[in-house]
Structure formats: C-alpha cells, structure tokens
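Enquirer: The opening position of the sequence shown corresponds to residue 40 in this note's numbering, with each subsequent residue numbered one higher.
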Amino acid sequence: MTLSAKQAVDVLRAAGEPTRLRILALLQREELAVLELCRVLDQSQPRVSRHLKLLAEAGLVERFPDGAWVFYRLTGAGRQCEVVAEVLARINPDDPGLARDRRKLDDVQAERADAAQAYFAENAVHWDRIRSLYVSDADVEAEILRAAGSGRFRRMVDLGAGTGRMLTLLAGQADHALGLDLSQQMLNIARRNVTEAGLTHVELRHGDIFDTRLPDASADLVVVHQVLHYLGDPAAAVKEAARIVAPDGRLIIVDFAPHKHEFLREQHQHRRLGFSDDEMARWLAEAELPQVGLRALPPTRADGLTVKIWAAQRAPTVLRSAA
Ligand SMILES: C[S@@+](CC[C@H](N)C(=O)[O-])C[C@H]1O[C@@H](n2cnc3c(N)ncnc32)[C@H](O)[C@@H]1O
C-alpha cells in the first residue's frame, strides 16, 4: 500500500512544524502525558494540546485518557507513521534542539525512576500488605496457578519479582527460577522469603525488565505481576518479556483493568491506572506472542480493583523428521 499524494501532503503538513516534529521525536522514546510534554517543550498546555490535536487528526499520534491524565503515543502502524519514522531517522541526532529535548526528557524519566525507587525502598517491608489492599490475593493466585497450568517448567522468570510472591507460588513447578528486580530492598526481602519457603533453586538478581540480558526463547514460564502500571513504556516491557518466552512457553501478565483511583498515582507511584484488553492484545500482537487466555477478577469490595490476567503462548517448534 502506498500513500495518495493528498495523504502525503497531510502527513508532511502535520509533521512539518518545529514543535510538532519535536513532539513526534519525543513520543518515539515512549508514551507521554500532556503535562510531561509541556514540561519538556517548555510550552503551555493549550498550545501543546493544539499541536497534539493536529497530529492526532493526521493519524500520527493516538490520544488515550488514563484516569484524570491524558497520554499520547505514536500510532505506530501504517504508511503515515513510516514516513514520520523515516524523516526522524534522517535528522542529525546531534541537532541542538532535539538533543536538548532528549536531555530534558532524560531528566523527567530520571525523576520518575528515582521516585519509584524511593517508594519501593521505603515500602519493601510493607509490600505484601499493600498488594492485598485492593484485591483478594487468594483468588488472584488461584487464577494464576490455573493460567500457568499443572505442568513442569524448565525455567521460570519473574520480571519485577518484588518480595518474591510469584516465585514462592510457582517456583515449585520449575527446575530453575529466576527473579529480576530493580530494587535491592525488594530483592533482599524476596531472598528471605524464598529461603524460608525452602526454594533452593531460585536465583534473585538485580535487573531491568526493559533489558533483562536473558537469551531469546530461554524461559518456558515468564510472569509479570503488578509491574506494568509503574512503567513509562509498558509496551517495551511486554516486548522484552515476550522475547524470552521459549517455544510452547507461556507469558502471564497480571495487572489492573482501567480504573480511576487517582491517589495510586499520587501516593503509590502508579504511572498508568490499569490497561484495557485492546491495549494488551495489541502489545502481545506486536510482540508476536499469541494471546491464549484472559480472566477478569472483579473486586471483592466496593473500593477494590478488577485484576486482569492475560496469558500468551509461543507456538511449539515443529520438528521435521528426515525423509
Ligand atoms: C508492585 S511491585 C510487584 C512485585 C511482585 N511482582 C508482586 O506482585 O508482589 C513492582 C516491582 O517492580 C519493580 N520494578 C519497577 N520497575 C522495574 C524495572 N524497570 N525492572 C525491574 N523491576 C522493576 C519494583 O522494584 C517492584 O519490586
């Protein structure tokens, strides 16, 4: 499929303005809230919103509300976006304006990361209690066990392992289990918990969900439990998690359905207030890992949250016998 001349003009007109080009370059890094874009661009919200509206009308960016916040991301598919990606790729990376924006976005991301690190360091000892405030752990865990299935796993990987709850729940079914987390405080508690559970085959490592450094297709069970809503780029985390899933292996993602508990953002460092099924289905499709299951566990109390369990599975490798 090619673009019509009119479509090409519309794309170039939308992208062909300095602030809008800067916005596209920033959104290439990750999805951003309008207020974050205003901060990096150093422009007022009405002005930035006007530019975003034009970009959205041209099909180059996508607007998605999340609680009281509004986020934008690159549309990501279609010829229009390819034209923009091509233009951005040809700009000198040292261009002073875009380099300044990149540095400012680095600062915004670093502030966010520091706040999250401080939150987990401070709350590591309370995490098991905090986790069960809005959901029934027992119901969620029963569903996770069901989604994982009763078989044995050669290697399980828990990304954002926290205090190790998923490891103590599932590692008994695995020959080897690995938990990765960015927070040393969380890892310390996880170490104690897995030791107390007698799980000697569980390894805990400091590591980043965006860059696990694990080989492709190396785990037959990958779990991402209540981690994505803290992240700046959840789609990239899903992609990295999917990358390490082995043939016939499973990825289980547990997170919240969209909700409006804004205080979780303000007081508990949540970045996203849940995820829609469409959003998750798209990320799994982009990561080329077919979704095989979806369960919703409604809250057991009025102020609770709906927990979603998305399961995806890599196709088994078909062995061809010699003729
Ligand atoms: C809410 S806790 C969930 C922990 C555990 N999965 C559970 O459900 O109990 C989120 C965890 O993700 C970790 N985390 C946040 N960003 C991360 C990243 N980029 N890479 C690895 N871990 C991360 C935090 O340190 C924290 O331990």
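Note that the Cβ used here is the ideal one computed from N, Cα and C, for glycine as well. Source: prediction; values computed, not measured.
In the DSSP assignment, find the unbroken alpha helix (DSSP H) run with Gly188 in it and report its ends.
Expert: Run containing Gly188: none; DSSP gives neither H nor E here.
Enquirer: For the beta strand (DSSP E) containing Lys347, list its first residue and its last residue.
Expert: Per DSSP, Lys347 belongs to the beta strand (DSSP E) from 346-352.
Enquirer: Which same chain residues, not among the five before or five after Leu127, have their C-beta less than 7 Å away from its C-beta?
Expert: These residues qualify, in order along the chain: Leu63, Ala64, Gln67.
Enquirer: Taking buried to mean at least 16 other C-beta atoms within 10 Å of its own C-beta, is Gly136 buried or exposed?
Expert: By the neighbour-count rule (16 or more Cβ atoms within 10 Å), Gly136 is not buried but exposed.
Enquirer: Give me the Cα-Cα distance between His307 and Val357, rounded to the nearest whole angstrom.
Expert: Approximately 45 Å between the Cα atoms of the pair.
Enquirer: Tell me whether Ile292, by its Cβ, gets closer than 7 Å to a heavy atom of ligand 1.
Expert: It does not: the Cβ of Ile292 is nowhere closer than 7 Å to a heavy atom of ligand 1.
Enquirer: Is Gly201 a contact residue of ligand 1, with contact defined as CB to any heavy atom under 7 Å?
Expert: Gly201 Cβ: within cutoff of ligand 1.
Enquirer: Between the beta-carbon of Ala285 and the beta-carbon of Asp259, is there less than 8 Å?
Expert: Yes, these two residues count as a Cβ contact at 8 Å.
Enquirer: Relative to the C-alpha of Arg59, which residue among Val196, Val87, Leu71, Arg151 is closest?
Expert: When each option's Cα is compared against that of Arg59, the closest is Val87.
Enquirer: My output table needs one value for Pro286: the three-state DSSP class, helix, strand or coil.
Expert: Of the three classes helix, strand and coil, the one that applies to Pro286 here is strand, per DSSP.
Enquirer: Cβ-heavy atom distance between Leu113 and ligand 1 below 7 Å?
Expert: No, Cβ of Leu113 sits at least 7 Å from all heavy atoms of ligand 1.
Enquirer: Could you tell me which whole beta strand (DSSP E) segments of length 3 or greater appear in the stretch 120-189?
Expert: DSSP runs (the beta strand (DSSP E)) wholly in the stretch 120-189: none.
Enquirer: When DSSP labels each residue in this structure, what does Arg204 get in the three-state scheme?
Expert: Note: Arg204 maps to helix in three-state DSSP.
Enquirer: Starting from Val357, follow the beta strand (DSSP E) in both directions and report where the run begins and ends.
Expert: Here Val357 belongs to no beta strand (DSSP E), and DSSP marks it neither H nor E.
Enquirer: So, are the CB atoms of Val147 and Val79 less than 8 Å apart?
Expert: Their beta carbons are under 8 Å apart, which means Val147 touches Val79 by this criterion.
Enquirer: Which residue comes first and which comes last in the beta strand (DSSP E) that contains Pro104?
Expert: 100-105 is the extent of the beta strand (DSSP E) around Pro104.
Enquirer: Any heavy atom of ligand 1 closer than 7 Å to the CB of Leu172?
Expert: Not under cutoff, so the answer is no.
Enquirer: Measuring CA to CA, which of Arg185, Leu144, Pro85, Gln224 is closest to Ala350?
Expert: Of the candidates Arg185, Leu144, Pro85, Gln224, the one whose C-alpha sits nearest the C-alpha of Ala350 is Arg185.
Enquirer: Taking Cβ positions, are Gly218 and Gly203 nearer each other than 8 Å?
Expert: Result yes, Cβ atoms of Gly218 and Gly203 sit closer than 8 Å.
Enquirer: Under the rule that 16 or more other beta-carbon atoms within 10 Å means buried, what is Gly313, buried or exposed?
Expert: Per the 10 Å Cβ criterion, buried.
Enquirer: Classify Gly211 as helix, strand or coil using the three-state DSSP reduction.
Expert: Three-state DSSP puts Gly211 in a helix.
Enquirer: Can you tell me where the alpha helix (DSSP H) with Arg230 in it begins and where it stops?
Expert: Segment 223-235, the alpha helix (DSSP H) holding Arg230.
Enquirer: Apply the 10 Å Cβ neighbour rule to Asp145 and answer buried if 16 or more other Cβ atoms are within range, or exposed otherwise.
Expert: Exposed: under 16 other Cβ atoms inside 10 Å.
Enquirer: From what residue to what residue does the alpha helix (DSSP H) around Ala53 run?
Expert: First-last of the alpha helix (DSSP H) with Ala53: 44-54.
Enquirer: Given a threshold of 16 other Cβ atoms within 10 Å of its Cβ, counted over all protein chains shown, does Glu279 qualify as buried or as exposed?
Expert: Glu279 should be labelled buried.
Enquirer: Return yes when the Cβ of Leu208 is within less than 8 Å of the Cβ of Leu226, no when it is not.
Expert: No. Outside cutoff.
Enquirer: Mind checking Gly55: buried by the 16 CB within 10 Å criterion, or exposed?
Expert: By the neighbour-count rule (16 or more Cβ atoms within 10 Å), Gly55 is not buried but exposed.
Enquirer: Would you check if the distance between the CB atom of Arg310 and the CB atom of Leu270 is smaller than 8 Å?
Expert: Result yes, Cβ atoms of Arg310 and Leu270 sit closer than 8 Å.
Enquirer: Per DSSP, Gly217 is paired with what?
Expert: Per the sequence presented here, residue 217 reads as Leu, with Gly not at that position. According to DSSP, which records beta bridges pairwise, Leu217 is partnered with Val196, Glu242.
Enquirer: Evaluate Pro273 with the Cβ neighbour count: other Cβ atoms within 10 Å of its Cβ, from every protein chain shown; 16 or more gives buried, anything less gives exposed.
Expert: Flag for Pro273 reads buried.
Enquirer: Measure the C-alpha to C-alpha separation of Leu290 and Pro85 and round it to an integer number of angstroms.
Expert: Roughly 41 Å separates the two Cα atoms.
Enquirer: Could you tell me if the beta carbon of Val266 falls within a distance shorter than 7 Å of some heavy atom in ligand 1?
Expert: Yes; taking the cut-off as 7 Å, the Cβ of Val266 has a heavy atom of ligand 1 nearer than that.
Enquirer: Give the secondary structure of Asp342 by DSSP, where H, G and I count as helix, E and B as strand, and everything else as coil.
Expert: Asp342: coil per DSSP, three-state reduction.
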